[in-house]
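S.K.: In our numbering, the protein residues as written are -6 to 215. A single structure is presented below for examination.
Shown next, in the form of structure tokens:
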């Protein structure tokens, strides 16, 4: 995977990085919506920045990379964050994995993902659980939330950042799938609330921040 990144020319530049560019780049869906949301700002989208600031104080956005891929043990498929963002606050750096949503679900549950699982898939789940300090993972937790969160921890280690964050950037007025996020937060010992961060310790010693940011619904129409 190349380590060279070029400046964005606008929201349309994000389309090329999607797994299925023709099918996923649709008005009203998360890929296009989050691109327009992030490109509309000089820094963090206000709702994302507010979550980070509540946890860490004023934080400058240093860079944001669309559709960033983080390799994981067990298999060849990476965890692909809708946005990877690196920020700087007064005590150091924070690495953020951003998961954009409109009405799309979080994909398969652990039970669905592990049905007839290969050795590599089992290796990956074991790795994800260890990284989050879990002895095992309940079957109803959505697998995407596990690997997206751990990808933030991996990127934090790469950048020597003391903090990591996984933030769901949702543009659903009904907050669809928030219950799945709340179950995941509860699994890690936290109570998830829209707009409010939760901070958790991790086995690797980094602070993990979870958040649900309520995005401006106008970007769904872009």
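By construction, the Cβ of each residue, glycine as well, lies at the ideal position given by its N, Cα and C atoms.
Which full runs of the beta strand (DSSP E) of 3+ residues lie inside the stretch 28 to 86, going along the chain?
M.R.: If we require 3 residues or more, the beta strand (DSSP E) runs fully inside the stretch 28 to 86 come out as 53 to 63, 72 to 82.
S.K.: So, helix, strand or coil for residue 221, using DSSP?
M.R.: The question about residue 221 has no answer here: the residues shown for the chain are numbered -6 through 215.
S.K.: Flag this pair as touching only if the stretch 197 to 204 and the stretch 153 to 170 have three or more C-beta atom pairs under 8 Å; answer yes or no.
M.R.: They touch, by the three-pair rule.
S.K.: So who's on the other strand from residue 205, going by DSSP bridges?
M.R.: Paired residue(s): 161.
S.K.: Where does the unbroken beta strand (DSSP E) through residue 14 begin, and where does it stop?
M.R.: No beta strand (DSSP E) holds residue 14; the alpha helix (DSSP H) holding it covers 14 to 17.
S.K.: Are three or more beta carbon pairs between the stretch 47 to 55 and the stretch 114 to 122 nearer than 8 Å?
M.R.: Judged by Cβ distances under 8 Å, the stretch 47 to 55 makes no contact with the stretch 114 to 122, as fewer than three pairs qualify.
S.K.: So, helix, strand or coil for residue 178, using DSSP?
M.R.: Helix, per DSSP.
S.K.: Look up residue 143 in the DSSP assignment and say whether it is helix, strand or coil.
M.R.: Three-state result, residue 143: helix.
S.K.: Alpha carbon to alpha carbon, what distance is there between residue 174 and residue 196?
M.R.: Going by the C-alpha atoms only, they are around 21 Å apart.
S.K.: Between the Cα of residue 187 and those of 206, 193, 172, spot the shortest distance and give me the residue it belongs to.
M.R.: For residue 187, the nearest C-alpha among the options comes from 206.
S.K.: In the DSSP assignment, find the unbroken alpha helix (DSSP H) run with residue 194 in it and report its ends.
M.R.: Element bounds for residue 194: not the alpha helix (DSSP H) but the beta strand (DSSP E), 191 to 194.
S.K.: With a threshold of 9 Å between beta carbons, is residue 80 in contact with chain C?
M.R.: The question asks about chain C, but that chain is absent: this structure has only one protein chain.
S.K.: Leaving out five residues on either side along the sequence, give the residues of the same chain with a beta carbon under 7 Å from the beta carbon of residue 213.
M.R.: Hits under 7 Å: 21, 26, 95, 164.
S.K.: First and last residue of the alpha helix (DSSP H) that includes residue 169?
M.R.: No alpha helix (DSSP H) holds residue 169; DSSP gives it neither H nor E.
S.K.: Report all residues from its chain with a CB closer than 7 Å to the CB of residue -2; omit the five preceding and five following residues, and keep chain order.
M.R.: Counting only Cβ-Cβ distances below 7 Å, and skipping sequence neighbours, we find 58.
S.K.: When you compare only the Cα positions, how much space is there between residue 9 and residue 135?
M.R.: Spanning the two alpha carbons is a distance of roughly 27 Å.
S.K.: With DSSP as the reference, label residue 186 as helix, strand or coil.
M.R.: Correct three-state label for residue 186: strand.
S.K.: Do you know how far the Cα of residue 28 is from the Cα of residue 15?
M.R.: So the two alpha carbons sit approximately 15 Å from each other.
S.K.: Whose C-beta lies closer than 7 Å to the C-beta of residue 67 among residues of the same chain, with five residues either side of it excluded?
M.R.: Cβ neighbours of residue 67 beyond the five flanking positions: 113, 114, 116, 117, 120.
S.K.: With a CB to CB cut of under 6 Å and the five nearest residues on each side skipped, what residues in its chain are close to residue 104?
M.R.: Cβ neighbours of residue 104 beyond the five flanking positions: 132.
S.K.: Beta-carbon within less than 6 Å of residue 211's beta-carbon, same chain only, minus the 5 sequence neighbours each way: which residues are those?
M.R.: Here the set comprises nothing.
S.K.: Please state the DSSP three-state secondary structure of residue 92.
M.R.: Three-state DSSP puts residue 92 in a strand.
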